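Written below as structure tokens is the structure these notes are about.
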């Protein structure tokens, strides 16, 4: 491979154009990102307390509660690690990883909850529990709790992804959906599988779609402005 | 300096620049500009347009330095930005393509042949054939082949540029190589 050098005056033009447009540094952005994310995570916590907190979820068998919480916590931690973490790569994870997080998180949670309902002695409670309970409240709570941290993260990462902004957004949406799902699992007393599928897992698909739509708008690197070149 | 040394100089300069050391931008330019320019020139076949693309790439890197993780590799990042700028530009040009432009471009000398000695003039024809055959390949295969074989990126770096895994890049580049070998013959590829 032979490299060809550009003309000598290009360097002067590039340096002059860069000096005319201030650009924030990594350290400054990292500090504001931490502040935005803490604020974003505080909102679901406040929502949880305002809607009754742990008291609202009383009445579930302890084993079911512990097992379903474990599923949600593991799913949320793994999804957040995979979607939010970037490793040493400035462009983040590869597309197959992100697609895996976006599609795999809701699917695996549903599979795990289905396996749980089959394995636990309280299977009847899981399958036939209060199926009449509306899933809409859990669905809207998951969505509301996930949306703010998701938007905060997209805001922090705006203009950062030249490769796969929509997929990146979808993975973040699923991960923050799972994060909100932990809180909703703590809050919700209903353990029927149908309710979990509709009220807890389906919103993850919605947050993933919302993340993809918002990511496609916020994450791509915008073309340089006319005046800057 | 070897390519590896240039790469490590570029990584260190970008890390310092991301942390706010503005003088490192000049070093970063020196380390990256020739490779980015070669990348752009091979595809655009015009010095002015290639320089414009390099300038835009550096300005995007400047604007997005807050997202660069100090210690990460800058080469895949810069190539990825350049590649997406190039795709945007080509789409825009396709929309406003004028009659006669293709003929003019056809007549232009391929940039990778510019510095070839005269006695290797026949390589020009082969290079032109390679470019034509490359254009026939699926975009994903062609991109992997070009980044690895022509731009000198490692499999891992090319994977980052294309947003996929190193294994996928390896498979795509191999398929492109096999297709070119079938059409051009192994000896032609070796000669190039």
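Residue numbers (the numbering used here), protein chains in the order written: chain A, 1 to 229; chain B, 1 to 192.
Glycine is no exception: its CB is placed at the ideal position from the N, C-alpha and C atoms.
Because the structure is a prediction, the values reported are computed rather than measured.
Check: Quick one: Cα of residue 154/B to Cα of residue 73/B, how far?; Outcome: 12 Å
Check: Could you have a look at residue 83/B and say whether DSSP puts it in helix, strand or coil?; Outcome: helix
Check: Excluding the five sequence neighbours on either side, which residues of its own chain have a C-beta within less than 6 Å of the C-beta of residue 145/B, listed in chain order?; Outcome: 173 and 176
Check: How is the alpha helix (DSSP H) around residue 183/B delimited, first residue to last?; Outcome: 166-184
Check: If you count every other CB in all the chains shown that lies within 10 Å of the CB of residue 112/B, and 16 or more means buried, which is it?; Outcome: Here the model assigns residue 112/B a pLDDT of 49, short of 50, so the residue's position is not dependable, and the following value carries that caveat. With 16 or more other Cβ atoms within 10 Å, it is buried.
Check: Under the rule that 16 or more other beta-carbon atoms within 10 Å means buried, what is residue 11/A, buried or exposed?; Outcome: buried
Check: May I ask you to check if the CB of residue 19/B is nearer than 7 Å to at least one heavy atom of the ligand PLP?; Outcome: This structure does not include the ligand PLP; it has no bound ligands of any sort.
Check: Listed in chain order, which residues of the region 163-183 of chain A have Cβ atoms closer than 7 Å to some Cβ of chain B?; Outcome: 163 and 164
Check: If you run the structure through DSSP and keep just helix, strand and coil, what is residue 189/A?; Outcome: coil
Check: Answer yes if the region 20-29 of chain B comes into contact with the region 40-51 of chain B, meaning at least three C-beta pairs across the two stretches below 8 Å, and no otherwise.; Outcome: no
Check: Which chain B residues are close to residue 146/A, counting only those with a beta carbon under 8 Å from its beta carbon?; Outcome: Correct list: empty, because the minimum Cβ distance to chain B is about 23 Å.
Check: In or out: residue 196/A buried (at least 16 other Cβ within 10 Å) or exposed?; Outcome: buried
Check: So which of 13/A, 46/A, 157/A and 108/A has the shortest CA-CA distance to residue 172/A?; Outcome: 157/A
Check: Taking the alpha carbon of residue 147/A as the point to measure from, which residue in 170/A, 17/A, 193/A and 164/A has its own alpha carbon closest?; Outcome: 170/A
Check: Less than 8 Å between the beta carbons of residue 152/A and residue 71/A, yes or no?; Outcome: no
Check: Could you list which residues in chain B have their beta carbon closer than 7 Å to that of residue 24/A, in chain order?; Outcome: 66
Check: Does any residue of chain A have a CB that is nearer than 8 Å to the CB of residue 84/B?; Outcome: yes
Check: Report the start-end ranges of each alpha helix (DSSP H) in the region 6-58 of chain A that is 4 residues or longer and not cut off at the edges.; Outcome: 8-20 and 26-50
Check: Between residue 14/A and chain B, is there a C-beta pair that is closer than 8 Å?; Outcome: yes
Check: So what does DSSP say about residue 37/B, is it helix, strand or coil?; Outcome: helix
Check: Since residue 174/B meets chain A, which of its residues come closer than 9 Å, beta carbon to beta carbon?; Outcome: By Cβ distance, chain A contributes nothing, its closest Cβ being about 18 Å from residue 174/B, past 9 Å.
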